[in-house]
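Asks: Next up is a structure, given as structure tokens.
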Amino acid sequence: MLDNNGFDVWAKEYEKTVQKDSNGYPFKGYYDVLDLMYGLIEQRPKNQILDIGVGTGILTNRLYEDGAQICGIDFSKKMLQIAQNKMPEGKFIQWDFNLGLPPEFGPEKFNYIISSYAFHHLSNSKKISLIDESKALLDKTGKIIIGDVAFETEEGLLKCKKESKSKWDEDEIYIIADEMAQAIKKHGLAVNYTQVSSCAGVLEIHQLHEA
Ligand SMILES: C[S@@+](CC[C@H](N)C(=O)[O-])C[C@H]1O[C@@H](n2cnc3c(N)ncnc32)[C@H](O)[C@@H]1O
């Protein structure tokens, strides 16, 4: 698994790599995942959006151009520099999300908390605790939208692992949607999962409202 220095080295070439590799594992369906996530975000003036593991801001920049206020967290200084150059009015925080969310978040509420291709850097229990922590920063109708290398079931993961042979990355911890949905529901949240490609999908998580 890359540390922040590894991502700093990758930052300049990151977008080229994704483009070149978007036909196979791990990035197969990358642009479709981002398009689906984008489509789940209702266009409202001044959407407040937090992006966890924002990287160079490929998705957030689209939202920024639509007028959203962007806050991005990432542990790679170089990734953040690229994102900040694209989005001068965005707020970017260098932070390791293995430690949860940064302490500077106060009472501000986000309409959307999004994350693309970053949750696989967290253990399954940390994925759930980060979602739980994020819940507190959402406004009443807010949603958490996570796109990543993901599979509906463990069988799907094993099939991809077999087909990917030596390309398979043993260090990354991919989402198995049916298992994760069960854990998320225990935190009073509703989940909808869409498989987008043979190795990627999107989780849409929202709060349950009493009638
Ligand atoms: C594969 S890139 C995805 C970037 C972007 N969200 C996208 O969709 O293109 C993963 C990003 O997560 C960041 N990242 C990985 N582990 C992290 C951690 N523990 N804390 C904060 N950021 C992390 C990396 O620096 C990198 O920018």
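In the numbering used here, the protein residues as written are 1 to 211. Heads up, the beta-carbon is just placed ideally off N, CA and C, and yes, glycines get one too.
Residues in the same chain with beta-carbon distance under 6 Å from G147, minus the five sequence neighbours each way, listed in chain order, please.
Replies: Excluding residues within five positions, the ones whose Cβ falls inside 6 Å are V33, M37, S116, V202.
Asks: Measuring CA to CA, which of F97, I173, E42 is closest to N4?
Replies: Among F97, I173, E42, the Cα nearest to that of N4 belongs to F97.
Asks: With a threshold of 16 other CB atoms inside 10 Å of the CB of P88, please say whether the residue is buried or exposed.
Replies: Burial call: exposed.
Asks: Between which two residues does the alpha helix (DSSP H) harbouring Y14 extend?
Replies: Looking at the DSSP string, the run of the alpha helix (DSSP H) that includes Y14 is 14-20.
Asks: Is F119 near ligand 1, judged by its Cβ being under 7 Å from some heavy atom?
Replies: F119 Cβ: outside cutoff for every heavy atom of ligand 1.
Asks: For L122, count the other beta carbons within 10 Å of its own beta carbon; 16 or more makes it buried, fewer makes it exposed. Which is it?
Replies: With 16 or more Cβ atoms within 10 Å of its Cβ, L122 is classed as buried.
Asks: Taking F27 as part of the alpha helix (DSSP H), name the residues at either end of that continuous run.
Replies: Counting along the chain, F27 falls outside any alpha helix (DSSP H), and DSSP gives it neither H nor E.
Asks: Quick check on the DSSP output: the alpha helix (DSSP H) that includes Y64 runs from which residue to which?
Replies: Segment 58-65, the alpha helix (DSSP H) holding Y64.
Asks: For I52 and I93, what's the separation of their Cα atoms in angstroms?
Replies: Straight-line Cα distance between these residues: approximately 10 Å.
Asks: Would you check whether ligand 1 has a heavy atom nearer than 7 Å to the C-beta of F7?
Replies: Checking every heavy atom of ligand 1 against the Cβ of F7, one is found closer than 7 Å.
Asks: Residue ranges of each alpha helix (DSSP H) run of no fewer than 4 residues wholly in the stretch 142-186, ordered along the chain?
Replies: Those alpha helix (DSSP H) runs which fall completely within the stretch 142-186 and span 4+ residues are 154-164, 177-185.
Asks: Grab me the residues of K86's own chain with a C-beta within less than 6 Å of its C-beta, minus the 5 sequence neighbours each way, in chain order.
Replies: Correct list, in chain order: G57, N61.
Asks: Does the separation of the CB atoms of L99 and E133 fall below 8 Å?
Replies: No, the pair does not count as a contact, with Cβ atoms beyond the cut-off.
Asks: By a C-beta neighbour count over all protein chains shown, 10 Å radius and 16 as the cutoff for buried, is D74 buried or exposed?
Replies: Burial call: buried.
Asks: Considering only DSSP beta bridges, list what H206 is partnered with.
Replies: K143, A190, per the DSSP bridge assignment.
Asks: Decide yes or no for the touch test of the stretch 22-33 against the stretch 186-202: beta carbon pairs closer than 8 Å, at least 3 of them.
Replies: Yes, the stretch 22-33 is in contact with the stretch 186-202.
Asks: Check whether the Cβ atoms of I114 and G90 sit closer than 8 Å, and answer yes or no.
Replies: No, Cβ-Cβ distance for I114 and G90 is not below 8 Å.
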